[in-house]
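Visitor: All the letters of the sequence shown, read from the start, carry residue numbers 3 to 112 under the working numbering.
All C-beta atoms, glycine included, are put in the ideal place defined by N, C-alpha and C.
This is the structure I want to talk about, given as structure tokens.
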Amino acid sequence: MSIIKTKNELIKDKSLENEKTKEEYTKVELQKAILTEKDNIEAWKQLGELYFKEENYSRALSCYFQLTSLSPKDPSNWNKLAVTFLQMDEPKLASKIAKIAFHLALQQEG
3 MSIIKTKNEL IKDKSLENEK TKEEYTKVEL QKAILTEKDN IEAWKQLGEL
53 YFKEENYSRA LSCYFQLTSL SPKDPSNWNK LAVTFLQMDE PKLASKIAKI
103 AFHLALQQEG
């Protein structure tokens, strides 16, 4: 195994580093948006998705709880909450919340 990285490996590492920097910048901007406008649904959603992607489930959960309080009839918000609980090894809670998402989705169709 070679200690020296190839040019492609170095480019890939730099690309990943740039992506992480972009995500950190985006998180800061979303947090600023939420501070100035607490009911900014899109900012809460994007911030939750970034935290989820980082596997920071407790912070994602906080964002998704805020989403469900701001937009309680949107099944996708409840679904995000359920999936997060599932990732946190809370299948019973995930199941209950998924049922809420399902019933809300049915109401929207009917």
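#1: Between which two residues does the alpha helix (DSSP H) containing Ser60 stretch?
#2: Helix, strand or coil for Lys40 per DSSP?
#3: Going by CA-CA distance only, name the one from Leu49, Gly112 and Lys98 that's closest to Val85.
#4: Hey, could you find the ends of the alpha helix (DSSP H) Lys82 is sitting in?
#5: When the Cα of Glu92 is compared with those of Leu63, Lys40 and Gln110, which residue comes out closest?
#6: Could you compute how far the alpha carbon of Ala45 sits from the alpha carbon of Glu31?
#7: Measuring only the C-alpha atoms, how far is Lys24 from Gly112?
#8: Within the continuous alpha helix (DSSP H) that includes Glu56, where are the two ends?
#9: Which residue comes first and which comes last in the alpha helix (DSSP H) that contains Glu92?
#10: Using 10 angstroms around the beta-carbon of Lys49, count the other beta-carbons present and answer buried if the total reaches 16, otherwise exposed.
Guide: According to the data block:
#1: Sequence index remark: in the sequence shown, residue 60 carries index 58 (1-based). Residues Tyr59 to Leu72.
#2: The residue given as residue 40 occupies position 38 in the sequence shown. If DSSP states are grouped into helix, strand and coil, Lys40 belongs with coil.
#3: Start at 1 with the first residue of the sequence shown, and residue 85 comes out as number 83. The shortest C-alpha separation from Val85 is found at Lys98.
#4: Within the sequence shown, the letter at position 80 stands for residue 82. Element bounds for Lys82: Pro77 to Gln89.
#5: Taking the sequence shown and counting its residues from 1, one reaches residue 92 at position 90. Selected option, being the one with the closest Cα: Leu63.
#6: Position 43 of the sequence shown holds residue 45. Position 29 of the sequence shown holds residue 31. Going from the Cα of Ala45 to the Cα of Glu31 covers about 9 Å.
#7: What you label residue 24 is simply residue 22 of the sequence shown in a count that begins at 1. What you label residue 112 is simply residue 110 of the sequence shown in a count that begins at 1. Distance between the alpha carbons of Lys24 and Gly112: 41 Å.
#8: Walking along the sequence shown from the start, residue 56 turns up at place 54. Segment: none, Glu56 is in no alpha helix (DSSP H) and carries neither H nor E.
#9: Taking the first residue of the sequence shown as position 1, residue 92 is located at position 90. Glu92 -> no alpha helix (DSSP H), and no H or E assigned at all.
#10: Start at 1 with the first residue of the sequence shown, and residue 49 comes out as number 47. At residue 49 the sequence reads Leu, which differs from the Lys that was named. Leu49 comes out buried.
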